[in-house]
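Colleague: Anchor point for the sequence shown: position 18 equals 760 in this note's numbering, and the numbering is continuous, going up by one each time. Before anything else, here's the structure in question.
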Amino acid sequence: MQLTSPGTTVGVVGGGQLGRMLGEAAAPLGIELVVSDPTPAAPASVVAREQVVGAFDDEATIRELGERADYLTFEIELADPDALERVSEETATPVHPHPDTLRIIQDKLVQKRRLREAGVPVPAFRPVDSAADLRDALDELGYPAMLKAREGGYDGRGNIPVERPEDVESAFEAIDGPAMVEEFVDFERELAVMGCLGEGEVETFPVTETVHEAEILRRTVSPPRTSSDVRERASAVALDVLSVMEGRGVYGIELFETTAGEILFNEVAPRPHNSGHWTIEGCYTSQFEQHLRAVTGLPLGTTERRCPTASANILGDVDRRQPARLKGVESVLETKRCALHWYGKREVYHLRKMGHVTLPGETVEDSLETLDDVVEDLTFVSTSTE
Ligand code: ADP
């Protein structure tokens, strides 16, 4: 390989926090980013050479990226696979991961079917197109269950727990579109594995425990507080998931460890993932650097963990959309080894992901305890006049 100036340019569809952290990882590799996002001055705009303002599925916007970049990638699943494929051909700009992978994962039903066919263990599920379908499916699967919109859900939006037969009508109405229903998994804990496909290389990062509340990720813990046998099986399932994915890049693979000790696949995102943010401080190669190495065809970095590491998300704690002003950051900065990642979003709303804090430490238990104290001090200044 050769290093050149200006460097290799990667066009990224999406300029949110993932794009921002990609940009932070790009510079040392001599890689430059151009990003597209519908919001002007998106989080990644401060670390990218340029931002094209346009929708994630707007072909003209993607073409502008293709014309300015050597490689195309995306940090959001809403990127349009057909547009990416056409632009990639027209502008002779390779796109990674492959748009076919996006086609598989954008529909949760297609995704689960495809992975089940590949022998990956998944919870029992059924397609649902009407309230009557849902009732029939639940006669078989039993209550409670999780109803999921097939497309467009994130951070638990688009998921509705169905506790009792009386909830069937209202749950289906709330989804209002093609859906799938899944048995409610009785899990001991949730795990995630960042996997990576490079040029002829397959790697997995150390398994991470993810702690969700109200279906939103709050904490990551690596190593997870589970047995080495469970960790090994989780990594093995992740490798099976990767065998279905096409194209280079990192993949966030979400798993359940059930109370019976089984590993079940939940979902995969073909991009850097919240469960892997801790790798910035916690591993020798971060998931963001790894993604850029993979997309541009460079050798992958080692996925070794440096030390036990936990992270906590900073979520909006206000009741309405308003300018983002975070108070209490001193406690993060004064805590030894604690790293702040602020995403630069102009506005905050309830449970919006605004940043995260990572603490590499001696033990994950110590890190988690300190993180709890630090995060408790963080609060958004409400501009509410009520
Ligand atoms: P999203 O795509 O919005 O992230 P997921 O399908 O990953 O949604 O679900 C978000 C969270 O909801 C999971 O991390 C888990 O905590 C919970 N969840 C999802 N599916 C199930 C299930 N079948 N049983 C129990 N909990 C579930």
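Where a beta carbon is used, it is the ideal one built from N, C-alpha and C, also for glycine.
In its own chain, which residues sit with a C-beta less than 7 Å from the C-beta of Gln848, not counting the 5 before and 5 after it?
Modeller: Residue 848 sits at position 106 when you count from the first residue of the sequence shown. The answer, listed in chain order, is Glu819, Glu893.
Colleague: Measuring from the CB of Tyr885, is there a heavy atom of the ligand ADP at a distance below 7 Å?
Modeller: Position 143 of the sequence shown holds residue 885. No, the Cβ of Tyr885 stays beyond 7 Å of every heavy atom of the ligand ADP.
Colleague: Taking the alpha-carbon positions, what's the Glu1118 to Leu1101 distance?
Modeller: Along the sequence shown, read from residue 1 onward, the residue named residue 1118 stands at position 376. Along the sequence shown, read from residue 1 onward, the residue named residue 1101 stands at position 359. Each residue's alpha carbon lies about 15 Å from the other.
Colleague: Name the DSSP bridge partner or partners of Pro869?
Modeller: Your numbering for residue 869 matches position 127 in the sequence shown. Answer by DSSP bridge pairing, in chain order: Met922.
Colleague: Starting from Lys890, trace the beta strand (DSSP E) both ways and give me its first and last residue.
Modeller: On the sequence shown, position 148 is the one that residue 890 refers to. Its beta strand (DSSP E) spans residues 887-891.
Colleague: Let me check understanding here. Comparing Cα to Cα, which of Val923, Gly940, Ala873, Phe1007 lies closest to Glu908?
Modeller: Locating residue 908 in the sequence shown gives position 166, counting from the first residue. Residue Ala873 is the option with its Cα nearest to Glu908.
Colleague: Out of curiosity, what's the CA-to-CA distance linking Glu945 and Gly937?
Modeller: Along the sequence shown, one-based indexing puts residue 945 at 203. Along the sequence shown, one-based indexing puts residue 937 at 195. About 6 Å.
Colleague: Any idea what DSSP makes of Arg931, helix, strand or coil?
Modeller: Within the sequence shown, numbered from 1, the residue matching residue 931 stands at position 189. Residue state, collapsed to three classes: strand.
Colleague: In chain order, what are the residue ranges of uninterrupted beta strand (DSSP E) at least 3 long that sit wholly in the region 943-988?
Modeller: DSSP runs (the beta strand (DSSP E)) wholly in the region 943-988: 944-946, 950-955, 958-964.
Colleague: Can you tell me the Cα-Cα spacing of Thr1127 and Gly1086, whole angstroms?
Modeller: The sequence position of residue 1127 within the sequence shown is 385, counting from 1. The sequence position of residue 1086 within the sequence shown is 344, counting from 1. The predicted model places Thr1127 with a pLDDT of 49, which falls under 50 and marks its position as unreliable, so this point remains unresolved.
Colleague: If distances are taken between C-alpha atoms only, which option among His1033, Glu911, Ile1056, Ala978 comes closest to Ile958?
Modeller: Along the sequence shown, one-based indexing puts residue 958 at 216. Checked all of His1033, Glu911, Ile1056, Ala978; the closest Cα to Ile958 is Ile1056.
Colleague: Can you tell me which of the three DSSP states Arg858 falls into?
Modeller: Here residue 858 refers to the residue found at position 116 when the sequence shown is read from its first residue. Correct three-state label for Arg858: helix.
Colleague: Let me know the secondary structure DSSP gives Glu1128 once reduced to three states.
Modeller: Counted from its first residue, the sequence shown places residue 1128 at position 386. With a pLDDT of only 46 at Glu1128, under the threshold of 50, the placement of this residue in the model should not be trusted, and no figure is reported.
Colleague: Can you tell me where the alpha helix (DSSP H) holding Thr843 begins and where it ends?
Modeller: Residue 843 sits at position 101 when you count from the first residue of the sequence shown. Its alpha helix (DSSP H) spans residues 841-848.
Colleague: Which same chain residues end up closer than 7 Å to Asp928 when comparing Cβ atoms and leaving out the 5 residues on each side of it in sequence?
Modeller: Here residue 928 is taken as the residue at index 186 of the sequence shown, counted from 1. Taken in chain order, the residues that qualify are Thr1000, Thr1001.
Colleague: Which residues in the same chain as Arg1079 place their Cβ atom closer than 7 Å to its Cβ, once the five residues preceding and following it in sequence are excluded?
Modeller: Walking along the sequence shown from the start, residue 1079 turns up at place 337. Same-chain partners within the cutoff: Leu1101, Pro1102, Gly1103.
Colleague: Could you check if Ser747 is buried or exposed, using at least 16 other CB atoms within 10 Å of its CB as the buried criterion?
Modeller: The residue labelled residue 747 in the question sits at position 5 within the sequence shown. The residue is exposed, with fewer than 16 neighbouring Cβ atoms inside 10 Å.
Colleague: Among Thr803, Val972, His1092, Ser1053, which one has its Cα closest to the Cα of Val1074?
Modeller: The sequence position of residue 1074 within the sequence shown is 332, counting from 1. Nearest option by C-alpha distance: Ser1053.
Colleague: I think Gly1070 touches His1083, with their Cβ atoms under 8 Å apart; what is that distance to the nearest whole Å?
Modeller: As a first step, residue 1070 must be located in the sequence shown, where it is residue number 328. As a first step, residue 1083 must be located in the sequence shown, where it is residue number 341. The pair is not a contact, with the Cβ atoms about 15 Å apart (cut-off 8 Å).
Colleague: Which whole-angstrom value is the C-beta distance of Gly940 and Leu1042, which I expect to be below 8 Å?
Modeller: Counted from its first residue, the sequence shown places residue 940 at position 198. Counted from its first residue, the sequence shown places residue 1042 at position 300. With 8 Å as the limit, Gly940 and Leu1042 qualify as a contact, their Cβ atoms being about 4 Å apart.
Colleague: Let me check understanding here. Comparing Cα to Cα, which of Glu831, Asn901, Ala1081, Leu807 lies closest to Ala956?
Modeller: Numbered from 1 along the sequence shown, position 214 holds the residue referred to as residue 956. The option with the nearest alpha carbon to Ala956 is Asn901.
Colleague: How do the region 750-763 and the region 810-819 stand: do at least 3 beta-carbon pairs fall below 8 Å, yes or no?
Modeller: At 8 Å Cβ cutoff, the stretches touch.
Colleague: Starting from Glu806, trace the alpha helix (DSSP H) both ways and give me its first and last residue.
Modeller: As a first step, residue 806 is located in the sequence shown; it is residue number 64 there, counting from the start. Glu806 -> alpha helix (DSSP H) spans 801-810.
Colleague: I'd like the span of the beta strand (DSSP E) that includes Ser1053, first residue to last.
Modeller: Your numbering for residue 1053 matches position 311 in the sequence shown. From DSSP, the beta strand (DSSP E) with Ser1053 extends over 1051-1057.
Colleague: Report yes if the C-beta of Gly895 is less than 7 Å from at least one heavy atom of the ligand ADP; otherwise report no.
Modeller: Residue 895 sits at position 153 when you count from the first residue of the sequence shown. True, at least one ligand heavy atom lies under 7 Å from that Cβ.
Colleague: Mind checking which residues open and close the beta strand (DSSP E) that includes Glu792?
Modeller: Residue mapping note: residue 792 aligns to position 50 of the sequence shown, counting from 1. Looking at the DSSP string, the run of the beta strand (DSSP E) that includes Glu792 is 792-795.
Colleague: When you compare only the Cα positions, how much space is there between Ser1124 and Tyr1091?
Modeller: The residue you call residue 1124 lines up with position 382 of the sequence shown. The residue you call residue 1091 lines up with position 349 of the sequence shown. Cα to Cα, the separation comes out at about 10 Å.
Colleague: Distance, Cα to Cα, Ala786 vs Pro839?
Modeller: Here residue 786 refers to the residue found at position 44 of the sequence shown. Here residue 839 refers to the residue found at position 97 of the sequence shown. Ala786 and Pro839: Cα-Cα distance of roughly 20 Å.
Colleague: Please report how far the alpha carbon of Asp1059 lies from the alpha carbon of Ala825, in whole angstroms.
Modeller: Along the sequence shown, read from residue 1 onward, the residue named residue 1059 stands at position 317. Along the sequence shown, read from residue 1 onward, the residue named residue 825 stands at position 83. The alpha-carbon atoms of Asp1059 and Ala825 are separated by roughly 37 Å.
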